[in-house]
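Undergrad: Questions regarding the structure given below will be posed in turn.
There are 2 protein chains.
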Amino acid sequence: MNESSDVGLPGGAISLFDGGVTSPLGFLAGAARAAIRDSPADKLDLALLCSLEPCSAAALFTTNRVRGASLLLSQRHLAGGRARAVIANSGCANASTGERGLADAEEMARLAAEKLSLTPQEVVVASTGVIGWFLPMDRIRSALAALHPTREGGLDFARAIMTTDTVPKSVAASVSTNGGRYLLGGCAKGSGMIHPQMATMLAFLTTDAAVQPDFLRESLRRAADESFNMMTIDGDTSPDDMVLVMANGAAGPAEPIGAGHPGAVLFQAALTHVCTHLARELARDGEGASKLIEVRVEGAADETDARRVARAVAGSLLVKTAVYGCDPNWGRVLTAAGYSGAQVREETCRLYLQGVRVFADGLPQPFDEAAVREALASHEVTIKLEMGLGPATATAWGCDLTEEYVRINSSYTT
Amino acid sequence: MNESSDVGLPGGAISLFDGGVTSPLGFLAGAARAAIRDSPADKLDLALLCSLEPCSAAALFTTNRVRGASLLLSQRHLAGGRARAVIANSGCANASTGERGLADAEEMARLAAEKLSLTPQEVVVASTGVIGWFLPMDRIRSALAALHPTREGGLDFARAIMTTDTVPKSVAASVSTNGGRYLLGGCAKGSGMIHPQMATMLAFLTTDAAVQPDFLRESLRRAADESFNMMTIDGDTSPDDMVLVMANGAAGPAEPIGAGHPGAVLFQAALTHVCTHLARELARDGEGASKLIEVRVEGAADETDARRVARAVAGSLLVKTAVYGCDPNWGRVLTAAGYSGAQVREETCRLYLQGVRVFADGLPQPFDEAAVREALASHEVTIKLEMGLGPATATAWGCDLTEEYVRINSSYTT
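Chains Z and V, in that order, are what the protein sequence lines are. With the first sequence counted from 1, adding 6 to any position gets you the working numbering. With the second sequence counted from 1, adding 6 to any position gets you the working numbering.
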């Protein structure tokens, strides 16, 4: 866990810990290998998550106009704000697969429902991987039969949804309130095709707090705006991205959290905290990445501008390659701010690379180039731009662009 | 020259030929080495272009909010629609350089004006290279003193504005009309930071036709919309991009071409033709590129959508890496169309890679994968997407993304 893992707030405290989607009470998960694509024999690729209790549920979906079959089905199933299980696979996106793809997604929901004694409408289906391939349903049927969700299965779930990710991303949070304690858990996969507004990204969040569906949806939107939507890896978005949260209330009898509830602010903070942790981890493990880049923008004219600038800088290929090469080529940062669409005045900008001021008052500032190069060799690089125009701030996360990104993506289907 | 170099139109014909900015009558150019940055001893980096006659002139400038000193000065000088000379340098962008940068740009204009017996206001200044460095004015003064523009200097001019370009881009066109013949010439530099709406791109166009300033500006905007604004290399745009056209009327006494003039359509076609040729050459020589990618969109709902889709596909890192790896991963093309912002319906899309249909009727189409892989190994890759929604078409150009792009850009200032 990083240094910001603990947060104190009026009315409670949030503490991150190593855990995942089965950390909150009443959630079980597990994974199996269906050999959906040719991958190492120990690569899990089919995952199941379920709640012992009914759940409020909310999700955000890709903004891509091309939408995969699993995603279309899940949108329908989640329309009522309820869900109780997730079946997910990696290796095949089940996108651009027409009627047959939709039938396959429906069968996945049905198979999971039968196994868990639920209705298919209570099951969310998520698929990630190559576009334009059909799911090998026979292998999925066999693998699912051998899969047994447990309280300890959260990490296997996180592993099974990975594609080009090199490490699973999983975290949990303990939330202490005046009225008791509840937990949040989450996992995510990313790696390539990652950009604000959902990318080749799946994230699953669970909580044993009781939360009203409407409030859950609004909380998820706000949390995603500050986390997943502030992260970019390569500017591409996929047809299958979704972020799902399920709240089962298993932490104990309580008035469900909703707008105006005394625990609402704390729940929002905890959900945002978990999402931000996962978003940073996704950026850090971007395809081929060797470094996490954090871009902090302060003093923007308004929040929209702050976000635009932070995302443009984090997404600039020239900034990303410069960070990779430890090259303090700060002009590329100003340039990205300049084309972000935000109001920018060079005369009022101050720019810092790893805390060292390199530009201020409209002029290059003298700095110790060797020292900055060395500082840029860190696994985490912070770029801070003070814009001097207003009160708004934003933070975005990205990663460096390396030869390895090109190697991975020039032969993905092979 | 490529196969489309000759175009017949009612009232005339356009023929491209090897030439450049000094092909039209009355233009002289030359270049010298000022050693603006540490580069091979034979790298020209200071260039001068002038017309023996007064010119109508028009220019397009970067949309970046951060604008270099040379660009700001040139905007002022071109406000009246007249110009007679260009002084350009590579190696240093003279951007983010404050008052001193502006004074340096003014001195460049003054030095060129003195040499050519013009007023500084008749001189356009263009700079490209590293941001945040000051120009070495002493070296520029000495180099300019030794520079002598000639009728044969067009190619040297094209060479001197190159940064990471590997080859100069230069072309000329002969336009035969009922009323006589005139010539156009052009050169451009690009390589990185290239994206629609101007990038690290400079292009200079000349003609010995007589053209009214207002019409010249409008013609340039239209030509750029179909050429330079449909080209993307890495999504970054720079503070210094400009496209300039100068028309000196030296081809002979004639009524200046303007709106409604019988030669207006032909002039527009010729200017667009020259710009398109240069745009393709810029894309082909993108930083680290091994292939030119041409994306043709047909059947879009409207022109805006057609352009959005073509540019999104040409700009997708995942499409670019797949093309590099000869990987027929066509799902990435549909995905890019999906996030382009345009109206997209998978069911009506037909997608072709190098002429082979890979997706239609909402379904993957069987194709000979080995044959398509081999076809993708060509130096020119054509992706065609028929959208089936309307009459609009657009073409965009880009290049593949290679390890070499990362290598070049991870150590640019060093």
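All residues carry an ideal CB built from backbone N, CA and C; glycine is no exception.
(1) Using the Cβ count rule (16 or more neighbours within 10 Å means buried), how would you classify V:PRO155?
(2) Between Z:VAL13 and Z:HIS83, how many whole angstroms is the CB-CB distance? I'm expecting something under 8 Å.
(3) Taking only beta-carbon positions, decide if Z:SER416 is within less than 8 Å of chain V.
(4) If we require 3 or more residues per run, which beta strand (DSSP E) segments fall completely within the segment 44 to 103 of chain Z?
(5) Could one say the Cβ of Z:ARG413 lies closer than 8 Å to chain V's Cβ atoms, at least one of them?
(6) Exposed or buried, which one is V:THR172 when buried takes at least 16 other CB atoms within 10 Å?
(7) Residues of chain V with CB closer than 9 Å to the CB of Z:GLU113, please, in chain order.
(8) Taking the beta strand (DSSP E) that Z:ASP12 belongs to, which residues open and close that run?
(9) Output the distance between the C-alpha atoms of V:ALA19 and V:ASN184, rounded to the nearest integer angstrom.
(10) DSSP three-state call for Z:GLY337: helix, strand or coil?
(11) Can you check whether the C-beta of V:ILE200 is within less than 8 Å of a C-beta belonging to chain Z?
(12) For Z:TRP139 and Z:THR69, what's the separation of their Cα atoms in angstroms?
(13) Under 8 Å between C-beta atoms, does V:PHE67 make it to chain Z?
(14) Using a Cβ-Cβ distance cut-off of 8 Å, determine whether V:TYR330 contacts chain Z.
(15) In chain order, what residues of the segment 70 to 82 of chain V put their CB closer than 7 Å to some CB of chain Z?
(16) Looking only at DSSP bridge pairs, what is Z:PRO372 linked to?
(17) Ordered along the chain, which non-local residues of its own chain (more than five positions away) have a Cβ less than 6 Å from that of Z:SER10?
(18) Look at the alpha carbon of Z:THR103 and the alpha carbon of Z:LEU55, and state the distance between them as a whole number of angstroms.
(19) So for V:GLY192, helix, strand or coil by DSSP?
(20) Just the chain V side, please: which residues come within less than 8 Å of Z:PHE365 by C-beta, in chain order?
(21) Kindly indicate the opening and closing residues of the beta strand (DSSP E) around Z:MET475.
(22) Quick one: which chain Z residues come within Cβ less than 9 Å of V:VAL315?
(23) Is there a Cβ from chain V that is less than 8 Å from the Cβ of Z:TYR358?
(24) Verify the CB distance criterion: does Z:THR408 have a CB-CB separation below 8 Å to chain V?
(25) Give me the DSSP bridge partner(s) of Z:LEU211.
(26) Ignoring anything shorter than 4 residues, give me the alpha helix (DSSP H) runs that lie fully in the segment 265 to 347 of chain V, in order along the chain.
(27) Which residue wins for smallest C-alpha separation from V:LEU143, given the options V:GLU112, V:ALA164, V:LYS121, V:LEU284?
(28) Taking 8 Å as the CB-CB limit, is V:THR420 close to chain Z?
(29) Does Z:ASN8 come out as helix, strand or coil in the three-state DSSP assignment?
(30) What's the gap between the Cα of V:LYS121 and the Cα of V:GLY74?
(31) Please tell me whether V:ALA19 has its Cβ less than 8 Å away from any Cβ of chain Z.
(32) Z:THR341: buried (16+ other C-beta within 10 angstroms of its C-beta) or exposed?
(33) Nearest-angstrom Cα distance between V:ARG413 and Z:GLU409?
(34) What do you get for V:LEU196, buried or exposed, if any count of 16 or more other CB atoms within 10 angstroms of its CB means buried?
(35) Exposed or buried, which one is V:ALA151 when buried takes at least 16 other CB atoms within 10 Å?
(36) Of all Cβ atoms in chain V, is any one closer than 8 Å to the Cβ of Z:THR341?
TA: To lay it out plainly:
(1) As a first step, residue 155 of chain V must be located in the second sequence, where it is residue number 149. When all chains shown are included, V:PRO155 counts as buried.
(2) Along the first sequence, read from residue 1 onward, the residue named residue 13 of chain Z stands at position 7. Along the first sequence, read from residue 1 onward, the residue named residue 83 of chain Z stands at position 77. In fact, because the Cβ distance is near 33 Å, the residues do not count as touching under 8 Å.
(3) Here residue 416 of chain Z is taken as the residue at index 410 of the first sequence, counted from 1. Taking Cβ atoms only, chain V reaches closer than 8 Å to Z:SER416, which makes this a yes.
(4) The segment 44 to 103 of chain Z contains these whole beta strand (DSSP E) runs: 52 to 67, 88 to 98.
(5) For the purposes of this step, residue 413 of chain Z is identified with residue 407 of the first sequence, where counting begins at 1. Interface residue, yes.
(6) Position 166 of the second sequence, counted from the first residue, corresponds to residue 172 of chain V. By the neighbour-count criterion, in which 16 or more other beta carbons inside 10 Å mark a residue as buried, V:THR172 falls on the exposed side.
(7) Translated into positions along the first sequence, residue 113 of chain Z becomes position 107. Here the premise fails: no neighbours, minimum Cβ distance about 18 Å.
(8) Taking the first residue of the first sequence as position 1, residue 12 of chain Z is located at position 6. Annotation: the continuous beta strand (DSSP E) that includes Z:ASP12 extends over 12 to 15.
(9) Your numbering for residue 19 of chain V matches position 13 in the second sequence. Your numbering for residue 184 of chain V matches position 178 in the second sequence. If you take the alpha carbons of V:ALA19 and V:ASN184, they lie about 10 Å apart.
(10) As a position in the first sequence, residue 337 of chain Z is number 331, starting the count at 1. In this structure, Z:GLY337 counts as helix in the three-state DSSP scheme.
(11) Numbered from 1 along the second sequence, position 194 holds the residue referred to as residue 200 of chain V. Its pLDDT being 49, under 50, V:ILE200 is placed unreliably in this model, and the value from its coordinates should be taken loosely. No - not a single Cβ of chain Z is within 8 Å of the one on V:ILE200.
(12) Mapped onto the first sequence, residue 139 of chain Z falls at position 133. Mapped onto the first sequence, residue 69 of chain Z falls at position 63. If you draw a straight line from the Cα of Z:TRP139 to the Cα of Z:THR69, it is about 21 Å long.
(13) Position 61 of the second sequence, counted from the first residue, corresponds to residue 67 of chain V. So, not an interface residue.
(14) The residue labelled residue 330 of chain V in the question sits at position 324 within the second sequence. Closer than 8 Å: yes.
(15) Answer in chain order: ASN70, ARG71, VAL72.
(16) Walking along the first sequence from the start, residue 372 of chain Z turns up at place 366. Beta bridge pairing from DSSP links Z:PRO372 with no other residue.
(17) Start at 1 with the first residue of the first sequence, and residue 10 of chain Z comes out as number 4. Caution applies to Z:SER10, whose pLDDT of 48 falls short of 50 and renders its modelled position unreliable; the value that the coordinates give is listed next. Correct list: empty, nothing qualifies.
(18) The residue labelled residue 103 of chain Z in the question sits at position 97 within the first sequence. The residue labelled residue 55 of chain Z in the question sits at position 49 within the first sequence. Near 25 Å, if we compare the C-alpha coordinates of Z:LEU55 and Z:THR103.
(19) Residue mapping note: residue 192 of chain V aligns to position 186 of the second sequence, counting from 1. Residue state, collapsed to three classes: strand.
(20) Counting from one through the first sequence, the residue named residue 365 of chain Z turns up at place 359. Within chain V, the C-beta atoms nearer than 8 Å to that of Z:PHE365 come from SER102, GLY138, in chain order.
(21) Chain Z is shown from 7 up to 420; residue 475 of chain Z falls before or after that span and cannot be answered.
(22) Counting from one through the second sequence, the residue named residue 315 of chain V turns up at place 309. Neighbours of V:VAL315 on chain Z: none; closest Cβ ~10 Å, over 9 Å.
(23) By 1-based counting over the first sequence, the position of residue 358 of chain Z is 352. Taking Cβ atoms only, chain V never reaches closer than 8 Å to Z:TYR358, which makes this a no.
(24) Against the first sequence, residue 408 of chain Z aligns to sequence position 402. Residue-level contact check: Z:THR408 touches chain V, since one or more beta carbons of chain V fall below 8 Å from its beta carbon.
(25) Locating residue 211 of chain Z in the first sequence gives position 205, where the first residue counts as 1. DSSP, once it has assigned bridges, lists Z:GLY192, Z:VAL251 as partnering Z:LEU211.
(26) Complete alpha helix (DSSP H) runs here, min 4: 270 to 290, 309 to 321, 323 to 330, 337 to 345.
(27) Within the second sequence, numbered from 1, the residue matching residue 143 of chain V stands at position 137. It is Met, not Leu, that sits at residue 143 of chain V in the sequence shown. A check of alpha carbon separations from V:MET143 across V:GLU112, V:ALA164, V:LYS121, V:LEU284 identifies V:GLU112 as the nearest.
(28) For the purposes of this step, residue 420 of chain V is taken as the residue at position 414 of the second sequence. Residue placement at V:THR420 is poorly supported in this model, since its pLDDT is 46, which falls under 50; the coordinates are not used for a value here.
(29) On the first sequence, residue 8 of chain Z is found 2 positions in, with the first residue counted as 1. Since pLDDT at Z:ASN8 reaches only 43, below the 50 mark, its modelled position is unreliable, and the value read off the structure follows with that caveat. Residue state, collapsed to three classes: coil.
(30) Translated into positions along the second sequence, residue 121 of chain V becomes position 115. Translated into positions along the second sequence, residue 74 of chain V becomes position 68. Those two C-alpha atoms are separated by around 24 Å.
(31) Here residue 19 of chain V is taken as the residue at index 13 of the second sequence, counted from 1. Closer than 8 Å: no.
(32) Sequence index remark: in the first sequence, residue 341 of chain Z carries index 335 (1-based). So Z:THR341 ends up on the buried side.
(33) Start at 1 with the first residue of the second sequence, and residue 413 of chain V comes out as number 407. Start at 1 with the first residue of the first sequence, and residue 409 of chain Z comes out as number 403. A direct Cα-Cα distance of roughly 7 Å separates V:ARG413 from Z:GLU409.
(34) Numbered from 1 along the second sequence, position 190 holds the residue referred to as residue 196 of chain V. According to the sequence shown, residue 196 of chain V is Gly rather than Leu. Under the 10 Å beta carbon count, V:GLY196 is surrounded by 16 or more other beta carbons and is classified as buried.
(35) For this step, residue 151 of chain V is matched to residue 145 along the second sequence. Residue burial annotation: V:ALA151 is exposed, with fewer than 16 other C-beta atoms found within 10 angstroms of its C-beta.
(36) Here residue 341 of chain Z is taken as the residue at index 335 of the first sequence, counted from 1. For Z:THR341, the answer is yes, since a Cβ of chain V falls inside 8 Å of its Cβ.
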